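In the UniProt record's numbering, the protein residues as written are 1 to 219. These notes concern the structure reproduced below.
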């Protein structure tokens with residue numbers, strides 16, 4: 001089941017305190033109404049009752065989809081995500097990690113709730129998230145003005161992303177041929193599946209492939 005607790009949060013604008021709910025874990029199989037709230041970020045939105053200030057509050061959480069057999073750990077920054085691919089996962093699932101792996105579970109780590117929404121969208125589209133991250137890594141390596149890319153959708157001809165620029169006024173959607181994704185799936189092949197089993201996060205694996213490395217990074 002989902003787990004949450006309430007804290008007193010200082011409003012960044014008026015500095016007054018008000019209660020805010022932290023969702024430590026989100027189980028969308030048991031609480032299906034929460035999925036849409038995750039996708040539109042409303043589950044994480046703070047609205048000050050005193051001045052009306054609104055903001056998405058970033059914190060660590062665990063998203064669990066029992067039906068589609070995956071868990072996504074949300075980290076507050078990239079360094080935490082790289083150093084701890086699945087933070088406290090053993091405690092979170094009460095020592096059942098091995099049996100869940102054998103049952104075909106996927107475990108992923110993302111940065112911030114935008115990354116969580118993106119990963120859910122990728123899995124909903126039944127895509128290989130390693131291949132998607134590889135495509136993103138290639139684009140980012142070639143476009144210095146970009147800081148981040150988020151997958152949004154895919155169709156028969158194209159794969160679509162939302163692009164974040166250093167100059168945020170330039171943020172926009174972009175698309176490339178779906179053939180690029182399809183070729184990435186073929187190229188990664190067994191390496192992709194092996195990396196998943198070893199808990200290498202997709203973004204790290206994709207970056208290593210772009211840099212020409214095929215071995216597992218040193219722990």
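From the three backbone atoms N, C-alpha and C, an ideal C-beta is built for every residue, glycine too. Remember, it's a predicted structure, so these values are computed and weren't measured experimentally.
Using a Cβ-Cβ cut-off of 8 Å (strictly less than) and excluding sequence neighbours within five positions of residue i, which residues of its own chain qualify?
i           : result
residue 145 : 165, 166, 167, 170
residue 66  : 27, 29, 30
Assuming residue i and residue j form a contact by the criterion Cβ under 8 Å, report the distance between their Cβ atoms to the nearest whole angstrom.
i           : j           : result
residue 38  : residue 77  : No, residue 38 and residue 77 are not in contact; Cβ-Cβ is about 20 Å, not under 8 Å.
residue 42  : residue 24  : Between residue 24 and residue 42 the Cβ distance is about 18 Å, and since that is not below 8 Å, they are no contact.
residue 129 : residue 120 : That pair is no contact at about 10 Å.
residue 55  : residue 19  : That belief does not hold up - the Cβ atoms of residue 55 and residue 19 are roughly 15 Å apart, past 8 Å.
residue 17  : residue 9   : 7 Å
Let's test the definition: count the other Cβ atoms within 10 Å of the Cβ of residue i and tell me whether it reaches 16, buried, or not, exposed.
i           : result
residue 15  : exposed
residue 172 : exposed
residue 61  : buried
residue 131 : buried
residue 177 : exposed
residue 79  : exposed
residue 116 : buried
residue 163 : buried
residue 156 : exposed
Quick one: what does DSSP say residue i is sitting in, helix, strand or coil?
i           : result
residue 69  : coil
residue 123 : helix
residue 58  : coil
residue 178 : helix
residue 142 : helix
residue 173 : strand
residue 80  : helix
residue 53  : coil
residue 42  : helix
residue 23  : strand
residue 229 : Any answer about residue 229 is impossible in this case: the structure gives the chain only from 1 up to 219.
residue 74  : strand
residue 116 : helix
Given a cut-off of 8 Å, decide if residue j and residue i are closer than it, judged by their beta-carbon atoms.
i           : j           : result
residue 5   : residue 22  : yes
residue 28  : residue 46  : no
residue 106 : residue 63  : no
residue 127 : residue 154 : yes
residue 73  : residue 109 : yes
residue 151 : residue 118 : yes
residue 136 : residue 149 : yes
residue 113 : residue 44  : yes
Going by beta carbon distance, what residues of the same chain come within less than 6 Å of residue i, once the five residues before and after it are set aside?
i           : result
residue 53  : 11, 13
residue 180 : 135
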